[in-house]
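Okay, so here's the structure we're looking at.
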Amino acid sequence: MGIFGRRRDPGRPHPRREPVFDGPLTAEELERAFRHCADFKSRTLCLAGDPRKEVRLFGVEGMVRTERCNDYVLRPLAQDPALAELDLEACYRRLATGGLYNFAVTPATTLDQAVFALLDGAVVLLFPAIRKALICPVATEEKRAVSEPGDEPAVKAAKDAFVESARTNTSLVRRRLRSVSLRIQEEVVGRQTRTPVEVLYLEGIADGETVERVRRRLAAMDVDGALDAGHLEQYLCDQLVTPFPQLLGTQRPDRFCANLLAGRVGLIADGIPIGFLLPGTVALFLAAEQDRTDNWLVARCLSVLRYGALLLTLFLPALYVAAVLFHPEMLPLPLARSIIAAKADVPFGTLFEAVTLLLSFEVIQEAGLRLPGNLGQTVSILGGLVVGSAAVEAKIVSPAVLIVVATAGIAGYTIPSQDFAGGVRLWRLGLTLAGGVEGLLGVSLAGAMLVGHLAGLTCFGVPYLTPFAAQAGEQVEGHALFRTPFPWVKLRPASLHSRNRRNQR
Amino acid sequence: MRGRLAAGVLCLAALSGCAGRELTDVTLIQALGVDGAGPVELTAVGEDEGERTVYRVRGENVTLAQEGLKDLGETRLEVTHVAQLVLGRSADLTDTLWREVIHRKSGYGATVWLADGEAGALLEGSADLSRRLKAMEENAGVRAPTLMEALSTLTREGQVELPVLTAADGAPELAGYRTVKGR
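Structure, rendered in structure tokens:
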């Protein structure tokens, strides 16, 4: 029995049907494939007005940009005088080899090709009499304009961010990496969504084996759809039972390119305004864009501060609970006295207070995220300030716990990756519980479990704790905890197994 | 494997015998007075919700007497924040210092004083003793060694100089310094 009823037998997986539409490339088959689709349109045309030279034009309304279809396809069909003199077969050849004004015109030989081209926004020009067709890509490019990366702001860095169109995103990368070594390989993922996923890497710099593994896994992803980041990460990564992310998602094309230069492999999926980088390591998730743009000494200090904040957010509530409940000797007398005074009329235990406040913090954050911008801020202010101070005044929680939880929460916001911060928040709750149950012994045990968990994670063969616990036997060069000036970092990270380690003279 | 690990951790938690105690359920002892060389009479001054309370307990030695302290008050008496250790004339300095250091809970930062008579009487008769002694150290320049310093000097040099206190009008006063030899 499951929790809510009988466990279901998932049954045997059904094999992927290849080809999906198995039939002759005819107008009837195309119409059958798109039956009950209100947006599927077709038009019958006679070349040069000759009814013997009938052709059919198919397209999906909304996916096709009408102006392009008119200018690139319909205008030459109507105005080319040569079409009047040629037979249908010759017309087909002429249109395929330059008669149409499209950048790319591809002959379609199977029904599958034609159907999926239509779904991609192309029009299909079918010659029923000779059972041939041409695919003319005239897809609409209606999409969100390239805007600022709202989730990853940086003062001295580029202000463009990835959008939902994979091709726009690859162009943003191309504009920065004007190198013929930049390879963009495409895999189509999802039986129903048929999402194009681009694998980007610099040939000769990225590890070929990692690229191959990524491609193999994408090809093996036999799912209904890949609509969001979770799908890619959960199907691509080695370990699923972890709250920590293994692919770094970034909105910033400059950051994406910098990591491609370091030897990482990038993924861009159509419909997801984020570029993914792999393999993910702890240092990658704790690096911010300003580490590269700021003065290196300033960046080094901020980087150390960020790691300090990570430890603070993880351990502060746990250490507070452990100290108050089990090890009061750790607290200086004035602090112990003020904690006692503050807790005098509070009816709840310290562990209950801390855990409840940590959970409330999450609830306020979640509520703030779900609501539109201004309303979200109002909820945060109401939850954090009004309810928090009212709870302290009403002696429902002690101010010390509130300060500890708020400090830990704010320290958590210094983590650049929100995905990583999510994992840290989950472990913070566990550490606090361990501190409340077993004191410092519990915190130490839970801390050791956390280190063990992180040490057990690998992403495409690269240990997650690189470069702190593994660096392919080499000294760390470059930016981990301490950022070094770029002229001193002459090698790419050893852990990425780059074929070309040297990155400068 | 994971199940075993979790079971192991739970067993460890259960067997450790630890149980947290809220700070509000604890009275922090701030000054300890020791009289006698064995049996020992211990006088503890604590502050519970702003009220000064004095506890007396006897034991075979300082360690056992401190164990006995725990059950005296309505709340648990903790010697984790003892700031001053006052020894009466009859107290065995070496034994007391060693036991306090080994016992560890009192903290090594507690300063060591001598009473010009019974430590218990001095502690009981002086209101706000702990704060006054602190003020004497910080403002009047009285040199009172910490527990660790006193024991270290005693072990190294065989003697240690300690400030001597007398009670005058319900308040402790410095009556000079006395060099005490160790055993």
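Heads up: the sequence lines are chains A and B, in that order. In this text, residue positions in the first sequence follow our numbering: the first is 1, and each later residue adds one. In this text, residue positions in the second sequence follow our numbering: the first is 1001, and each later residue adds one. Glycine included, C-beta positions come from ideal geometry on N, C-alpha and C.
*Where are the alpha helix (DSSP H) runs, 4 residues long or more, that stay fully inside the region 26-111 of chain A, in chain order?*
27-33, 75-79, 82-85 and 88-94
*Any non-hydrogen atom of the ligand NAD closer than 8 angstroms to A:Q185 Cβ*: As presented, the structure is devoid of all ligands, the ligand NAD included, so that no description of it is given.
_Boundaries of the alpha helix (DSSP H) in which A:D254 is found, first to last residue_ = P253 to A262
_Can you pull out the residues from the region 1080-1091 of chain B whose beta carbon lies closer than 9 angstroms to at least one beta carbon of chain A?_
T1080, H1081 and A1083
*Please name the residue in B:R1021, B:D1071, B:T1075 and B:E1067 whose C-alpha comes closest to that of B:E1100.*
B:E1067
*asked:* Mapping the DSSP letters down to three states, classify A:T458 as helix, strand or coil.
replied: If DSSP states are grouped into helix, strand and coil, A:T458 belongs with the strands.
_Threshold first: 4 residues or longer. Then list the alpha helix (DSSP H) segments lying entirely within the region 188-271 of chain A, N to C._
208-220, 229-236 and 253-262
*Just the chain B side, please: which residues come within less than 7 angstroms of A:T350 by C-beta, in chain order?*
E1022
*Find the residues of chain A that neighbour B:L1028, judging by a C-beta separation of less than 9 angstroms, and give them in chain order.*
P328, L333, A336, R337 and I340
*Do A:H497 and A:E209 have their C-beta atoms closer together than 9 angstroms?*
yes
*For chain B, find out if any of its Cβ atoms is closer than 9 angstroms to the Cβ of A:A344; answer yes or no.*
For A:A344, the nearest CB of chain B lies under 9 angstroms from its own CB, placing it at the interface with that chain.
*Kindly indicate the opening and closing residues of the alpha helix (DSSP H) around A:I364.*
T350 to R370
*For B:E1074, decide whether its Cβ has a neighbour in chain A, counting only Cβ atoms nearer than 9 angstroms.*
no
*What are the start and end residues of the alpha helix (DSSP H) that includes A:F486?*
Here A:F486 belongs to no alpha helix (DSSP H), and DSSP marks it neither H nor E.
*How about A:Q246 and A:C257: are their beta carbons less than 9 angstroms apart?*
no
*asked:* Cutting at 8 angstroms between CB atoms, please list the residues of its own chain near A:S179, excluding the five before and the five after it.
replied: L202
_For A:L433 and A:T356, the rounded distance between their alpha carbons_ = 11 angstroms
_Short of 8 angstroms in beta carbon distance, which residues of its chain neighbour A:G368, apart from the five on each side in sequence? Order them along the chain._
G376, Q377, V379, S380 and G383
*Helix, strand or coil for B:V1164, going by three-state DSSP, please let me know.*
B:V1164 falls in the strand class under three-state DSSP.
*Span separating the alpha-carbon of A:T414 from that of A:M63*: 42 angstroms
*Which residues bound the beta strand (DSSP E) around A:F127?*
A122 to F127
*Should A:P107 go down as buried or exposed, given a rule of 16 or more other Cβ atoms within 10 Å for buried?*
exposed
*Residues, ordered as in the chain, of the region 372-396 of chain A that lie near chain B by beta-carbon distance below 9 angstroms*: none
_Proximity to A:T26 [Cα-Cα], best of A:Q251, A:R56, A:R6 and A:A38_ = A:R56
*Sequence ranges, beta strand (DSSP E) only - wholly within the region 1040-1122 of chain B, length at least 3*: Taking only runs of at least 3 residues, the beta strand (DSSP E) segments lying wholly in the region 1040-1122 of chain B are 1040-1048, 1051-1059, 1076-1078, 1084-1087 and 1111-1115.
*Please confirm if A:L325 has its CB atom under 9 angstroms from at least one CB of chain B.*
yes
*Quick one: is A:G430 near chain B, going by C-beta distance under 9 angstroms?*
no
*asked:* So that I know if they touch, is there some Cβ in chain A lying closer than 9 angstroms to that of B:E1047?
replied: yes
_Counting only C-beta atoms, is A:V214 closer than 9 angstroms to chain B at any point?_
No, its Cβ sits nowhere closer than 9 angstroms to a Cβ of chain B.
_Using only the alpha-carbon positions, how far apart do A:A158 and A:Y307 sit?_
25 angstroms
_Residues of chain A with CB closer than 8 angstroms to the CB of B:E1118, please, in chain order._
Correct list: empty, because the minimum Cβ distance to chain A is about 26 angstroms.
*Under 7 angstroms between beta-carbons, which chain B residues line up against A:G436? List them in chain order, please.*
G1020
*Return the first residue and the last residue of the beta strand (DSSP E) that B:T1024 is part of.*
Careful: B:T1024 lies outside any beta strand (DSSP E) and carries neither H nor E.
*If we call anything under 9 angstroms between Cβ atoms a contact, is A:A446 one with A:G430?*
yes
*Proximal residues to A:K41 (C-beta, below 8 angstroms), its chain only, five neighbours per side dropped*: Around A:K41, the same chain offers F58, G59, V60 and E61 as residues with beta carbons nearer than 8 angstroms, after the five sequence neighbours per side are excluded.
_Host alpha helix (DSSP H) of A:Y307 (start-end)_ = W296 to L325
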